[in-house]
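S.K.:
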Amino acid sequence: MDTANLFTGLSHIGLPTADVEKTVKFYEQFGFRIRWSQHSSPESHTVFMECGSCVMEIYYSETPAGVNGAVDHVAIDVSDIEAVYEYVTSLGYHSLEEAVTFLPFYEKGVRFFTILGPNHEKVEFSQRLC
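For the sequence shown, the numbering used here assigns the number -3 to the initial residue and increments by one for each residue that follows.
Here you go:
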């Protein structure tokens, strides 16, 4: 399979935190700006911040690791989530979700799935819907 057109770059880095507002304020000092936010309850608070081509998903977690190296996941932008799912599972990787999943992030949502990398890191494949 030709994968050159399926994987288009880094989507975002997932950063869990017990204090979303404090984390947002911290990164604002370094040029990051809020691009999308959802706050329906204290347990459901997610903010996407961007600085140049770097995007971070900052989200509430009751128990973030709080240690060096504790990034939760790295997400890769893809152009066709179904084709990527088929390709990744054909390589023998198993999705941590039961299927490609939808979340109502951004204007029209995103579809994604996640696998474990060789160091037990989570690698998310994400297609932002237009």
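Ideal Cβ positions, reconstructed from N, Cα and C, are used throughout, including at glycine.
Relative to the C-alpha of S40, which residue among A14, A0, R107 and C47 is closest?
M.R.: Taking the sequence shown and counting its residues from 1, one reaches residue 40 at position 44. Considering only alpha carbons, the answer is A14.
S.K.: Is the number of C-beta pairs between the segment 17 to 29 and the segment 81 to 91 that are closer than 8 Å three or more?
M.R.: no
S.K.: Between H8, A71 and E120, which has its C-alpha nearest L92's C-alpha?
M.R.: Residue 92 sits at position 96 when you count from the first residue of the sequence shown. Minimum Cα distance to L92 is reached at E120.
S.K.: Tell me which same chain residues have a C-beta within less than 7 Å of the C-beta of N1, skipping the five on either side of it?
M.R.: Within the sequence shown, residue 1 is the residue found at index 5, counting from 1. The residues are S75.
S.K.: Judging by CA-CA distance, which residue of L112, Y56, N64 and G105 is the nearest neighbour of P38?
M.R.: If you number the sequence shown from 1, residue 38 lands on position 42. The shortest C-alpha separation from P38 is found at Y56.
S.K.: Considering Cα atoms alone, identify which of L125, Y102, E94 and H90 is closest to E53.
M.R.: As a first step, residue 53 is located in the sequence shown; it is residue number 57 there, counting from the start. Cα-wise, what sits closest to E53 is Y102.
S.K.: Measure the alpha-carbon distance for F98 versus C126 and round it to whole angstroms.
M.R.: Your numbering for residue 98 matches position 102 in the sequence shown. Your numbering for residue 126 matches position 130 in the sequence shown. C-alpha separation (whole angstroms): 13 Å.
S.K.: In the segment 63 to 87, which residue ranges form an unbroken beta strand (DSSP E) of at least 3 residues, counting only runs that do not cross its ends?
M.R.: Listed in chain order, the complete beta strand (DSSP E) runs (minimum 3 residues) inside the segment 63 to 87 are 69 to 74.
S.K.: Which residues bound the alpha helix (DSSP H) around K21?
M.R.: Position 25 of the sequence shown, counting from 1, holds the residue named residue 21. Run containing K21: V16 to E24, per the alpha helix (DSSP H) assignment.
S.K.: So, S122 versus F108, is the Cβ gap smaller than 9 Å?
M.R.: Here residue 122 is taken as the residue at index 126 of the sequence shown, counted from 1. Here residue 108 is taken as the residue at index 112 of the sequence shown, counted from 1. Cβ atoms of S122 and F108: closer than 9 Å.
S.K.: Measure the alpha-carbon distance for D(-2) versus V51 and round it to whole angstroms.
M.R.: Within the sequence shown, residue -2 is the residue found at index 2, counting from 1. Within the sequence shown, residue 51 is the residue found at index 55, counting from 1. The alpha-carbon atoms of D(-2) and V51 are separated by roughly 27 Å.
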